[in-house]
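What follows is a set of notes on a single structure, which appears directly below.
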Amino acid sequence: MNRNGHIKGVTKGRKKKILVSVNVLGSVGPLRFLANEDDEVSSVINTTLKAYARQGRIPVLGFNVDNFILYSIHAGFNSILHKTLFTML
1 MNRNGHIKGV TKGRKKKILV SVNVLGSVGP LRFLANEDDE VSSVINTTLK
51 AYARQGRIPV LGFNVDNFIL YSIHAGFNSI LHKTLFTML
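Going by UniProt numbering, the residue at position 75 of the sequence shown is 75; the numbering climbs one at a time, nothing skipped.
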């Protein structure tokens, strides 16, 4: 049992996290953050845009989620729909 009172190795009720790495063309490097397994793609794009702006990166992208497409490195050139959950990938 750890100091928070949780039994080690038991993940009952906790959502799985996924490490998301997003590359933006023309930017200095990838953005990395944790997302819940059941987050929608539009939520991940929104988080990416906020983190990108908070870090003052260039080029300036804006905040309209509908103007962006997310691609999986394993899906080739097929874009992922905004309402898709990460568990479906």
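For glycine and all other residues, C-beta sits at the position ideal for the given N, C-alpha and C. No experiment lies behind these values; they were computed from the predicted model shown.
Q: Express the C-alpha separation of PHE33 and SER72 in angstroms, rounding to a whole number.
A: 16 Å
(Q) If I follow the unbroken alpha helix (DSSP H) through LYS17, where does it start and stop? (A) Taken as a continuous stretch (DSSP letters only), LYS17 belongs to no alpha helix (DSSP H), being part of the beta strand (DSSP E) at 17-22.
Q: Report buried or exposed for ALA53, applying the criterion of at least 16 other Cβ atoms within 10 angstroms of its Cβ.
A: exposed
Q.
For ASN67, tell me which candidate among GLN55, ASN46, GLY56 has the shortest Cα-Cα distance.
A. ASN46
Q: Could you tell me whether the Cβ atoms of VAL28 and SER42 are closer together than 8 Å?
A: no
Q) By a C-beta neighbour count over all protein chains shown, 10 Å radius and 16 as the cutoff for buried, is VAL60 buried or exposed? A) exposed
**Q.** Assigned exposure category for LEU70 - 16 Cβ within 10 Å defines buried
**A.** buried
Q: Using 10 angstroms around the beta-carbon of LEU25, count the other beta-carbons present and answer buried if the total reaches 16, otherwise exposed.
A: exposed
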